[in-house]
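Below is one structure; the comments refer to it alone.
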Amino acid sequence: MKVALIGGTGSFGMALAVRLHEAGYAVVIGSRDAERAQTAAQELGVTGATNEDAARDADVVVLTTKADGAVETARSLRDAIGRTPVLSVAAELSFSKEGVFPTSESTSIAQRIQDVIDGPVIAGLHSLAAANLGGDVAPDEDTLVCGDDADAKAIILELAGKVTSGRAIDAGPLASARALEGMTAVIVNVNKRYKAHAGLRVTGVQ
Ligand SMILES: NC(=O)c1ccc[n+]([C@@H]2O[C@H](COP(=O)([O-])OP(=O)(O)OC[C@H]3O[C@@H](n4cnc5c(N)ncnc54)[C@H](OP(=O)(O)O)[C@@H]3O)[C@@H](O)[C@H]2O)c1
1 MKVALIGGTG SFGMALAVRL HEAGYAVVIG SRDAERAQTA AQELGVTGAT
51 NEDAARDADV VVLTTKADGA VETARSLRDA IGRTPVLSVA AELSFSKEGV
101 FPTSESTSIA QRIQDVIDGP VIAGLHSLAA ANLGGDVAPD EDTLVCGDDA
151 DAKAIILELA GKVTSGRAID AGPLASARAL EGMTAVIVNV NKRYKAHAGL
201 RVTGVQ
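Position 194 of the sequence shown, counted from 1, bears residue number 194 in my numbering, the numbering being contiguous throughout.
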């Protein structure tokens, strides 16, 4: 299965590429700049392409651009994405001396992406820090995934289950994305307070 990482040249995209490549997925690192994509891809032994070419040729599209570019990037790739399932990992954060806050937007980034493309949007992996995800081994933590399209969610749950050594857990409809995106701010505050790379572990689920 071919997975396009749109904006995959950043820390999260590169970490996800490591785990997906290891799990046997065909990974394409996308970038706004073809040369930057090639350089990043060569580092990992995968393929590089412009975001548009990567999206057009993929079975799954993961939007790993900087969070505040995710909706506009999705809009610009609408034709290239078509009906391909899309995973949104983005969470908008604002930083102040009191701590880190989630966005004040009333809808999640994932829902705003769904408004501008035709393919089904799934949200997930927000709690996986790039530093944990891209380590020598898959991180020992759970990850939450949500979405409205059952077939697309099954594909993403399988993918998510292969990039952690914990579990990929179905967190319900796409409306849950607002809470999952907000959880990122909670985790960053925990990391700052304890100088940690915290992750999630859900108890009571077999
Ligand atoms: N970092 C983490 O630990 C972590 C954890 C969970 C989820 N996430 C999510 O993962 C995503 C990527 O995080 P990151 O830390 O890797 O981000 P990042 O390094 O800041 O950006 C990733 C890539 O996005 C592209 N980009 C930058 N500005 C853009 C714009 N205005 N429009 C389109 N593309 C743009 C750049 O690629 P090109 O210049 O090559 O196009 C850049 O390499 C974010 O949505 C974040 O919320 C991150």
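The beta carbon of each residue, even a glycine, is placed where N, CA and C say it ideally should be.
Can you give me the C-alpha to C-alpha distance between residue i and residue j, rounded to a whole angstrom?
{"i": "residue 154", "j": "residue 178", "result": "20 Å"}
{"i": "residue 126", "j": "residue 58", "result": "22 Å"}
{"i": "residue 75", "j": "residue 115", "result": "9 Å"}
{"i": "residue 149", "j": "residue 51", "result": "24 Å"}
{"i": "residue 60", "j": "residue 192", "result": "33 Å"}
Who pairs with residue i in a beta bridge, going by DSSP?
{"i": "residue 226", "result": "The requested residue 226 is not part of the displayed model; the chain covers only 1 to 206."}
{"i": "residue 124", "result": "145"}
{"i": "residue 2", "result": "26"}
{"i": "residue 99", "result": "96"}
Taking its Cβ as the centre, do 16 or more other Cβ atoms sit within 10 Å of residue i, making it buried, or is it exposed?
{"i": "residue 203", "result": "exposed"}
{"i": "residue 68", "result": "exposed"}
Check whether the Cβ of residue i sits closer than 7 Å to any heavy atom of ligand 1, and report yes or no.
{"i": "residue 124", "result": "no"}
{"i": "residue 128", "result": "yes"}
{"i": "residue 53", "result": "no"}
{"i": "residue 89", "result": "yes"}
{"i": "residue 110", "result": "no"}
{"i": "residue 208", "result": "Not covered by the structure: residue 208. The range shown for the chain is 1 to 206."}
{"i": "residue 70", "result": "yes"}
{"i": "residue 66", "result": "yes"}
{"i": "residue 33", "result": "yes"}
Cβ of residue i within 7 Å of any heavy atom in ligand 3?
{"i": "residue 48", "result": "As for ligand 3, it is missing from this structure, which binds only ligand 1."}
Beta-carbon within less than 8 Å of residue i's beta-carbon, same chain only, minus the 5 sequence neighbours each way: which residues are those?
{"i": "residue 77", "result": "6, 51, 52, 55, 61, 117"}
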